[in-house]
Amino acid sequence: MPKKKGRLEFVKMKKEGEQVAWVTAYDFPTASFVEQAGMDMILVGDSLGMVVLGYQGTIPVTMEDCISHCQAVRRGAPNTFCVGDMPFMSYQISDPDAVFNAGRFLKEADMDAVKLEGGKRVLSRIKAIVDAGILVIGHIGLTPQSSGPLGGFKAQGRDPESARFLIEDALAIQEAGAYSLLLEAVPPELTQFIAKKLDIPVYSIGAGGPCDGQLLICGDMLGLFEAFTPKFVKKYANVAEIETKAFKEYVNDVKTGQFPTDDHCYHILKDRQEEYMEMLKEYE
Ligand code: KIV
Numbered sequence: 016m017p018k019k020k021g022r023l024e025f026v027k028m029k030k031e032g033e034q035v036a037w038v039t040a041y042d043f044p045t046a047s048f049v050e051q052a053g054m055d056m057i058l059v060g061d062s063l064g065m066v067v068l069g070y071q072g073t074i075p076v077t078m079e080d081c082i083s084h085c086q087a088v089r090r091g092a093p094n095t096f097c098v099g100d101m102p103f104m105s106y107q108i109s110d111p112d113a114v115f116n117a118g119r120f121l122k123e124a125d126m127d128a129v130k131l132e133g134g135k136r137v138l139s140r141i142k143a144i145v146d147a148g149i150l151v152i153g154h155i156g157l158t159p160q161s162s163g164p165l166g167g168f169k170a171q172g173r174d175p176e177s178a179r180f181l182i183e184d185a186l187a188i189q190e191a192g193a194y195s196l197l198l199e200a201v202p203p204e205l206t207q208f209i210a211k212k213l214d215i216p217v218y219s220i221g222a223g224g225p226c227d228g229q230l231l232i233c234g235d236m237l238g239l240f241e242a243f244t245p246k247f248v249k250k251y252a253n254v255a256e257i258e259t260k261a262f263k264e265y266v267n268d269v270k271t272g273q274f275p276t277d278d279h280c281y282h283i284l285k286d287r288q289e290e291y292m293e294m295l296k297e298y299e
């Protein structure tokens with residue numbers, strides 16, 4: 016049984032230069048495979064809206080969706096550090112609202128930490144949640160909940176002005192008490208600079224290698240999410256192809272009578288066969 020890592024292990028891993036591997040998961044079987052693979056951390060991302068619920072983006076995802084998927088993931092990965100992702104409008108309204116919703120991830124779904132998107136504009140939320148005794152991971156760069164104002168799913172921090180904003184955001188997030196920071200879709204030079212500058216671990220999704228660990232969306236790396244594949248994704252499998260092939264074979268087997276065979280059937284108790292047939296005859 017692997018030992019569940021916590022904040023202190025992640026700080027130690029940063030100091031010792033050991034990379035953290037993490038991935039998103041949204042359901043029981045995936046979470047259990049992820050844990051068996053020895054992953055350091057799981058994010059139950061609001062990307063579940065796109066990857067498993069079929070929405071165009073993350074905006075429609077509700078607290079109830081997140082809690083239910085976090086619960087399934089926790090059942091599948093009881094010994095892995097799990098982060099619940101705060102969905103749109105679960106923290107935007109007020110600090111008390113943010114604390115209440117962050118608390119639900121711990122109380123109802125046994126998550127170890129929460130993640131929320133945004134820099135300076137959400138600082139009071141981060142502070143309030145941290146003050147309530149909850150671990151927070153910040154998330155800046157391409158923040159999917161703000162893809163509208165950001166002009167779509169686009170890389171961020173590619174010019175000096177926007178990079179300066181991100182550096183200021185990163186420093187402020189650390190100051191507010193976040194235990195780590197996720198950078199999404201920014202240039203590796205900026206990632207490296209921020210990872211060196213901050214004491215807290217800095218992780219990348221599509222933000223290059225030079226930092227403290229890597230996150231990928233399971234639907235992207237497994238080849239399950241077909242709508243689009245970002246440039247930064249490495250595909251480790253093509254599960255969509257495997258599933259479609261299996262479903263096609265099943266359709267064919269059913270239509271041609273190749274499934275089920277005798278091997279797939281439950282049989283009448285051996286010592287009751289005659290009696291059984293007599294009983295059926297009564298209804299002929
Ligand atoms: O919801 C999610 O999976 C995320 C990642 C894009 C970082 O927030």
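Residues in the sequence shown are numbered from 16 upward in steps of one, following the numbering used here. Ideal Cβ placement from N, Cα and C applies to all residues, glycine included.
Item to complete: State the start and end residues of the unbroken alpha helix (DSSP H) segment that holds ALA210.
Response: 203-212
Item to complete: Please state whether DSSP places ASP100 in a helix, a strand or coil.
Response: strand
Fill in: PRO175 and THR206 closer than 8 angstroms at C-beta
no
Discussion item. For a minimum of 3 consecutive residues, which ranges assigned as the beta strand (DSSP E) are wholly contained in the region 149-233?
Written reply: 151-156, 195-199, 217-220 and 228-231
Worksheet item: What are the start and end residues of the alpha helix (DSSP H) that includes ILE57?
Response: Careful: ILE57 lies outside any alpha helix (DSSP H), inside the beta strand (DSSP E) at 56-59.
Worksheet item: With a CB to CB cut of under 7 angstroms and the five nearest residues on each side skipped, what residues in its chain are close to LEU150?
Response: ARG22, ASP127, ALA128 and TYR194
Worksheet item: Given a threshold of 16 other Cβ atoms within 10 Å of its Cβ, counted over all protein chains shown, does HIS282 qualify as buried or as exposed?
Response: exposed
Fill in: Range of the contiguous beta strand (DSSP E) that encloses ALA36
35-39
Worksheet item: Should HIS154 be listed as close to the ligand KIV, given that the test is whether its C-beta is under 7 angstroms from any heavy atom?
Response: yes
Worksheet entry | CA-to-CA distance, LEU181 to GLY153, given in whole angstroms | 12 angstroms
Worksheet item: Relative to the C-alpha of THR244, which residue among MET65, GLU190 and GLU264 is closest?
Response: MET65
Worksheet item: Between the beta-carbon of TYR218 and the beta-carbon of LEU231, is there less than 8 angstroms?
Response: no
Worksheet entry | Residue-level contact to chain B via CB, ILE220, 8 angstroms cutoff | The structure shown contains no chain B; it holds only a single protein chain.
Worksheet entry | Buried/exposed call for PRO102, threshold 16 Cβ in 10 Å | buried
Worksheet item: What are the partner residues of LEU131, as DSSP defines its beta bridges?
Response: GLY153
Worksheet item: Looking at the unbroken alpha helix (DSSP H) that takes in VAL248, where does it start and where does it end?
Response: Run containing VAL248: none; DSSP gives neither H nor E here.
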